[in-house]
Amino acid sequence: MILEFFSATDVGRARDNNEDSVALDEAAGLAVLADGMGGYNAGEVASQMLTSFVSSELGRWLKDAGREARAGEVKRAMDICVDNANRAIFNAANTNPKYAGMGTTLVLGVFRPEGLLLGHVGDSRGYRLRAGRLAQITRDHSLLQEQIDAGLLTVEEAAFSSNKNLVTRAVGVEDTVLMELHLHEVQAGDTYLFCSDGLSDMLDDDSIANLLNGNPTLPEAARALINAANDSGGRDNIALILARAEGRQRTEGRGWWPFGRRNGQ
């Protein structure tokens, strides 16, 4: 199968600067999304540091390792790279007063022959659209999710909570970070959406599914999602990455390999 990618960011309706950042390395099957937090411009610095570091360092490792690398080796490389990025952001925050307290969420996807290795930190999300049905494949690291898990709030009540943006994990706020990492099977026709909460807070799952199903190309789907989030208030920056697994077998080599093509950003 071939992977097609598309990424986009938008400042939204309420912010002057964009603290979201995305990076793609199609040759490595790598997608990175970050939503920064902190004082003046600090969130923007944190998210850009993370996406630049991960796309550069992990992308280089993936291309050097090739398809022979086993899933366990790739997972270890992902963990090491995110840990190194975390230390770089943490050190910058603690040596420059302008960046004090900065941090960022993370969604990190690596498409491999065995499937999608998906890591995340914080409340930026990963979704999968399969056969027209949308499923959230990450679980928020947030106070709100902990309250839902504990039975203190229902999902419906959580939609109106004032605690939406309180994350329990972030990259760069402490000297170590724990990235949650899982392997997901990829099937032909799947569409994957990684997004910041500027999208997921504005649109419910049914709305996201309808927009993905109703817009056949990735650029059209991305623009429809961003427009809908802005029309619903656009209270935060919006970032998204879309990846679609096309059911065409490559003629060179053997098996499934994610050298994708990208039709815009």
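With the working numbering applied, the sequence shown corresponds to residues 4 to 268, in that order. Glycine residues also receive a C-beta, built at the ideal position from the N, C-alpha and C atoms.
Close beta carbons around G15, own chain, < 7 angstroms, minus the five adjacent residues each side: Along the sequence shown, read from residue 1 onward, the residue named residue 15 stands at position 12. The answer, listed in chain order, is G201, N233, G237, R238, D239, N240 and I241.
Residue range of the unbroken beta strand (DSSP E) whose run includes Q139: As a first step, residue 139 is located in the sequence shown; it is residue number 136 there, counting from the start. Element bounds for Q139: R136 to Q139.
6 angstroms CB neighbourhood of A26 in its chain, flanking five on each side removed: Within the sequence shown, numbered from 1, the residue matching residue 26 stands at position 23. The answer, listed in chain order, is V35, T54 and S58.
Buried or exposed by the 16-neighbour rule on C-beta atoms within 10 Å, applied to N99: The count along the sequence shown starts at 1 and reaches residue 99 at position 96. N99 is classed as exposed because its beta carbon has fewer than 16 other beta carbons within 10 Å across all chains shown.
Separation of R73 from R133, as counted between CA atoms: Taking the sequence shown and counting its residues from 1, one reaches residue 133 at position 130. Taking the sequence shown and counting its residues from 1, one reaches residue 73 at position 70. Roughly 26 angstroms separates the two Cα atoms.
Bounding residues of the beta strand (DSSP E) (the contiguous stretch that carries V110): Here residue 110 refers to the residue found at position 107 when the sequence shown is read from its first residue. V110 -> beta strand (DSSP E) spans L109 to R115.
Anticipated Cβ contact below 8 angstroms, T108 with D38, distance rounded: As a working mapping, residue 108 is identified with position 105 in the sequence shown. As a working mapping, residue 38 is identified with position 35 in the sequence shown. Here T108 really is in contact with D38; their C-beta atoms are around 4 angstroms apart, less than 8 angstroms.
N- and C-terminal bounds of the beta strand (DSSP E) containing A26: Here the question's residue 26 lines up with position 23 in the sequence shown. Per DSSP, A26 belongs to the beta strand (DSSP E) from D23 to D28.
Residue span of the beta strand (DSSP E) that contains M81, given as start and end: Taking the sequence shown and counting its residues from 1, the one referred to as residue 81 is at position 78. Taken as a continuous stretch (DSSP letters only), M81 belongs to no beta strand (DSSP E), being part of the alpha helix (DSSP H) at A74 to T98.
Contact check, L206 vs S235, beta carbons under 8 angstroms: Within the sequence shown, residue 206 is the residue found at index 203, counting from 1. Within the sequence shown, residue 235 is the residue found at index 232, counting from 1. Cβ atoms of L206 and S235: closer than 8 angstroms.
DSSP state of T54 mapped onto helix, strand, coil: On the sequence shown, position 51 is the one that residue 54 refers to. Three-state DSSP puts T54 in a helix.
Contact under 8 angstroms by Cβ, Y243 with A225: As a position in the sequence shown, residue 243 is number 240, starting the count at 1. As a position in the sequence shown, residue 225 is number 222, starting the count at 1. What sits at residue 243 in the sequence shown is Leu, not Tyr. In this structure, the beta-carbon distance from L243 to A225 falls below 8 angstroms.
Residue range of the alpha helix (DSSP H) that includes L181: Along the sequence shown, one-based indexing puts residue 181 at 178. In the DSSP annotation of this structure, L181 is not part of any alpha helix (DSSP H), being labelled neither H nor E.
Buried versus exposed, by CB contacts within 10 Å (16 or more), G122: Locating residue 122 in the sequence shown gives position 119, where the first residue counts as 1. Buried, because 16 or more other Cβ atoms sit within 10 Å of the Cβ of G122.
E188 versus R131: straight-line alpha-carbon distance, rounded: As a first step, residue 188 must be located in the sequence shown, where it is residue number 185. As a first step, residue 131 must be located in the sequence shown, where it is residue number 128. One C-alpha to the other measures close to 11 angstroms.
Beta-carbon proximity list for H48, same chain, < 8 angstroms, skipping 5 on both sides: Here the question's residue 48 lines up with position 45 in the sequence shown. The amino acid occupying residue 48 in the given sequence is Val; His does not appear at that position. Closer than 8 angstroms at Cβ, skipping near neighbours: G39, G41, A95, Y102 and M105.
Three-state class that DSSP yields for S235 in the structure shown: Sequence index remark: in the sequence shown, residue 235 carries index 232 (1-based). For S235, the secondary structure class from DSSP, reduced to helix, strand or coil, is coil.
For G39, three-class secondary structure by DSSP: Position 36 of the sequence shown, counted from the start, is the residue given in the question as residue 39. DSSP places G39 in strand when its eight states are reduced to three.
C-beta contact flag for V85 and G125 at 8 angstroms: For the purposes of this step, residue 85 is identified with residue 82 of the sequence shown, where counting begins at 1. For the purposes of this step, residue 125 is identified with residue 122 of the sequence shown, where counting begins at 1. Their beta carbons are not under 8 angstroms apart, which means V85 does not touch G125 by this criterion.
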